[in-house]
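*Asks:* My questions will all concern the structure given below.
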Amino acid sequence: MVHLRGAIILCAALSAAWSLPASAGWKLVSGNQVARVDSLSITPQSDWNQGGRPGEQGRVWTQDGVGLNAIEFFSAVPQGAPLYKERDKKNNPMPKFDSKLLLPELADFFERSFRAQNQVSDFTILESTPTDIGGRKGLAVRYRYTLPNDELTRLGEARMAVVEGKLYVTNFYAPQLHYFDAGLPEARAIMERTRF
Amino acid sequence: MMRRLFVAAVLLAAGPAIAKDAAFDRPTYAGAYEPQGVDERGLWMQFDEHERGFRDSPLVVRDEALTRYVKGVLCKAVGEDRCDATRVYVVQDKNFNASMAPNGLMMVHTGLLARVYSEAELATILGHEFAHFELRHSLNGFKKRRGGTDILAWLSLSGAAFGQSTAAAQMAVVTGVFSFNRDQEREADFLSASYIRASSYPLRASIVWKRLMEEEDALREERKQRKVRRATPGATDTHPTDMQRFAYFSELEAQPSALDGDDGAAAYRDATARVLPTLFDSLVKSNEFAGVDYVIQTRGSTLGWDGLLLYARGELYRLRGNPRDLMTARQLYEEAIATGTAPAEAWRGAGLTAIRGGDSAAGRSALTEYLTRMPTASDAAAMKILLEN
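Those sequence lines, one after another, are chains C and Y.
For the first sequence, counting from 1, position 196 maps to 196 in the numbering used here; every step adds exactly one.
For the second sequence, counting from 1, position 115 maps to 311 in the numbering used here; every step adds exactly one.
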């Protein structure tokens, strides 16, 4: 019986390992230490898990899994490139960044990218306000959305700026139920302390 | 020969698994209907539970007038006695779709309402969904799938026992399940046509499928994809092809008096004009330019252009954002404003496209007008910064 259970656990572990996507190499990011994410220097207050790349110039961090809280960092997205990775270019092409966008239009670009990436039909920008990002003029966007076939209201807060023609975005999102409010103070602190 | 005999023997052995139940003595739409038999009771229980969560979903469009209107079209199509058994939910989803659960829960996507242009067109789709409910298609499909998996299990076991490959027979069972599904869809289409023939609406179904094909062609051409072959369905398609549906509905529409009656196009235009942003917002902000432009233009040419529709088309062009798109968008915003029915956001679009096009004086003036009309806009603070610089 013990052997059988061992074999079952081994099989389950093997099949779980087999089903993990190649990009799911999680790495611990320790709190209160400066972490380098591409060209950004980030100082989190607590420990995070660094996951794969949602975009060519992006990284995602989470504490409880990306379905519950996540913060994405995109640095130096160049003219003509998408924010999120092209996963199915033929059937679901991503919008491309245009460095000529005016400040309020960055919210439009972010919204369209987020909608395409997550196949979202329900997405509302609650507020987009000017903000300072590392001494540069940027935009803070608060939004609400629902994933398809899902009954949870989710919230997000993103900050974005164009520096020398390239787009920088940090984006925190989580379900409204507990996780958004619980994670927002640290997410904001991370965004405010991010340096290019 | 041996293999065929072997497969026939296995299918015979599995026969009881797909035996038919006794006939139901009450229709699903009868008042205070209680599901009959263990399978129907189980299925209804699952969907009752699902609906308890779903009714509070943020995806449900909370617009009583719109929901009541859609339900009213359903009732006119299938009759008051039948439609009372349903709960209609309008769901925020850009795709052309509607669905019916076995317990009477009907979901109608905003993407469907954006793509039909009369009550008669909407009625054929709602009638189709109701037909699934009346004909107990969810239950029959569930039993078919269960029977199919039973047979697959027997085939695998027997194949192993006798050392015979059963791959071909297994494939036949799987494709049989899909074929059964397509037959149910066709059956629902024909029953829907019967409802409409008995109602005050003319039968206007083929045009819906024709437009869907044209929209898909436009999008695929933009994306440089091959055209879809629609003569016959693939083995694993769940529905008849759009071309097949267009063809058999065209035949039904050619029957005497099939097209008689008021199609309710004017009523549909009036009822949906108010909610165009709800219907078109997620389409405009998707990245499906050619398909969405086809949908907007078709509504405009069929039901007429108003400020909200012209604004939606302006947004579509501005968001794609090629330099010539920005010029087109600016014209569309200005046309929207000229109708007198444009939303405040039309001035936002006009201002942004004017500034992008190098006409900052006109742009600032339009953005100032936007903020005057909508001082509490979600991006008011960002716009003020733009105006100050």
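Glycine residues also receive a C-beta, built at the ideal position from the N, C-alpha and C atoms.
Computed from a predicted structure; not experimentally measured.
Roughly how many angstroms separate the alpha carbons of Lys166(C) and Ser388(Y), rounded to a whole number?
*Replies:* Here residue 166(C) is taken as the residue at index 166 of the first sequence, counted from 1. Here residue 388(Y) is taken as the residue at index 192 of the second sequence, counted from 1. Their backbone Cα atoms lie some 54 Å apart in a straight line.
*Asks:* Mind reading off the beta-carbon distance from Ile321(Y) to Val424(Y)? Whole number of angstroms is fine, and I expect it under 8 Å.
*Replies:* For the purposes of this step, residue 321(Y) is identified with residue 125 of the second sequence, where counting begins at 1. For the purposes of this step, residue 424(Y) is identified with residue 228 of the second sequence, where counting begins at 1. That belief does not hold up - the Cβ atoms of Ile321(Y) and Val424(Y) are roughly 21 Å apart, past 8 Å.
*Asks:* So, Leu318(Y) versus Val373(Y), is the Cβ gap smaller than 7 Å?
*Replies:* Here residue 318(Y) refers to the residue found at position 122 of the second sequence. Here residue 373(Y) refers to the residue found at position 177 of the second sequence. The answer is no: Cβ separation not under 7 Å.
*Asks:* Roughly how many angstroms separate the alpha carbons of Glu325(Y) and Cys271(Y), rounded to a whole number?
*Replies:* Counting from one through the second sequence, the residue named residue 325(Y) turns up at place 129. Counting from one through the second sequence, the residue named residue 271(Y) turns up at place 75. Taking the straight line from one Cα to the other gives about 13 Å.
*Asks:* If I measure Cβ to Cβ from Leu475(Y) and keep anything under 6 Å in the same chain, skipping five residues before and after, which residues do I get?
*Replies:* The residue you call residue 475(Y) lines up with position 279 of the second sequence. Same-chain partners within the cutoff: Thr306, Leu309 and Ala310.
*Asks:* CA-CA distance, Pro185(C) and Val162(C)?
*Replies:* Counting from 1 along the first sequence, the entry for residue 185(C) is found at position 185. Counting from 1 along the first sequence, the entry for residue 162(C) is found at position 162. Rounded to the nearest angstrom, the two C-alpha atoms are 24 Å apart.
*Asks:* Run through DSSP, which three-state label would Lys137(C) get?
*Replies:* Sequence index remark: in the first sequence, residue 137(C) carries index 137 (1-based). If DSSP states are grouped into helix, strand and coil, Lys137(C) belongs with the strands.
*Asks:* Helix, strand or coil for Tyr464(Y) per DSSP?
*Replies:* Mapped onto the second sequence, residue 464(Y) falls at position 268. Tyr464(Y) falls in the helix class under three-state DSSP.
*Asks:* Is it the case that the Cβ atoms of Gly207(C) and Ala174(C) are separated by a distance below 7 Å?
*Replies:* A query on residue 207(C) cannot be resolved here, the shown segment of chain C reaching from 1 to 196 and no further.
*Asks:* Check whether the Cβ atoms of Val284(Y) and Tyr391(Y) sit closer than 7 Å, and answer yes or no.
*Replies:* For the purposes of this step, residue 284(Y) is taken as residue 88 along the second sequence, with counting starting at 1. For the purposes of this step, residue 391(Y) is taken as residue 195 along the second sequence, with counting starting at 1. No, Cβ-Cβ distance for Val284(Y) and Tyr391(Y) is not below 7 Å.
*Asks:* So if DSSP puts Gln50(C) in a beta bridge, which residue, or which two residues, is it bridged to?
*Replies:* Here residue 50(C) is taken as the residue at index 50 of the first sequence, counted from 1. According to DSSP, Gln50(C) bridges with Lys27(C) and Trp61(C).
*Asks:* Could you pull the start and end residues of the beta strand (DSSP E) that Pro473(Y) belongs to?
*Replies:* Reading the second sequence from its first residue, position 277 is the one you call residue 473(Y). Looking at the DSSP string, Pro473(Y) is not in any beta strand (DSSP E); the run it does join, the alpha helix (DSSP H), is Leu472 to Val480.
*Asks:* Using CA atoms only, rank isn't needed, just tell me which of Gly227(Y), Asn299(Y) and Leu353(Y) is closest to Asp593(Y).
*Replies:* Residue coverage of chain Y in this structure runs from 197 to 585, which leaves residue 593(Y) outside it and unanswerable.
*Asks:* Quick check on the DSSP output: what are the complete beta strand (DSSP E) runs of length 3 or more inside the segment 318-346 of chain Y, in order along the chain?
*Replies:* None, since the segment 318-346 of chain Y contains no complete beta strand (DSSP E) of that length.
*Asks:* What first and last residue would you give for the alpha helix (DSSP H) that runs through Pro185(C)?
*Replies:* Taking the first residue of the first sequence as 1, we reach residue 185(C) at position 185. Unbroken alpha helix (DSSP H) run through Pro185(C): Tyr179 to Arg193.
*Asks:* Please list, in chain order, all residues of the same chain as Pro21(C) whose beta carbon is under 7 Å from its beta carbon, the five residues on each side excluded.
*Replies:* Mapped onto the first sequence, residue 21(C) falls at position 21. Residue confidence for Pro21(C) is low, a pLDDT of 49 falling below 50, so the modelled location carries little weight; the figure read from the coordinates is stated next. Same-chain partners within the cutoff: there are none.
*Asks:* Could you compute how far the alpha carbon of Phe73(C) sits from the alpha carbon of Gln57(C)?
*Replies:* Here residue 73(C) is taken as the residue at index 73 of the first sequence, counted from 1. Here residue 57(C) is taken as the residue at index 57 of the first sequence, counted from 1. Between Phe73(C) and Gln57(C), the C-alpha separation is close to 8 Å.
*Asks:* Measuring straight from C-alpha to C-alpha, what distance separates Asp555(Y) and Leu522(Y)?
*Replies:* Position 359 of the second sequence, counted from the start, is the residue given in the question as residue 555(Y). Position 326 of the second sequence, counted from the start, is the residue given in the question as residue 522(Y). About 12 Å.
*Asks:* Given a cut-off of 7 Å on the beta-carbon distance, is the pair Gly547(Y) and Leu563(Y) in contact?
*Replies:* By one-based count along the second sequence, residue 547(Y) stands at place 351. By one-based count along the second sequence, residue 563(Y) stands at place 367. The answer is yes: Cβ separation under 7 Å.
*Asks:* Using three-state DSSP, classify Leu103(C) as helix, strand or coil.
*Replies:* Here residue 103(C) refers to the residue found at position 103 when the first sequence is read from its first residue. Three-state result, Leu103(C): coil.
*Asks:* 7 Å is my cut-off, CB to CB: does Thr131(C) come that close to chain Y?
*Replies:* Looking up residue 131(C) in the first sequence gives position 131. It does not; no Cβ of chain Y falls within 7 Å.
*Asks:* Grab the span of the beta strand (DSSP E) containing Leu167(C) for me, first residue to last.
*Replies:* Locating residue 167(C) in the first sequence gives position 167, counting from the first residue. First-last of the beta strand (DSSP E) with Leu167(C): Lys166 to Pro175.
*Asks:* Roughly how many whole angstroms lie between the Cα atoms of Pro82(C) and Asn118(C)?
*Replies:* To locate residue 82(C), count along the first sequence from 1; it is residue 82. To locate residue 118(C), count along the first sequence from 1; it is residue 118. Distance between the alpha carbons of Pro82(C) and Asn118(C): 14 Å.
*Asks:* Applying a beta-carbon distance threshold of less than 9 Å, which residues of chain C neighbour Asp289(Y)?
*Replies:* Here residue 289(Y) corresponds to residue number 93 of the second sequence, with the count starting at 1. The contacting residues are Ser121, Asp122 and Pro148.
*Asks:* Where Lys591(Y) and Ser561(Y) are concerned, what is the direct C-alpha to C-alpha distance, given to the nearest angstrom?
*Replies:* Since the first residue of chain Y shown is 197 and the last is 585, residue 591(Y) is not available in this structure.
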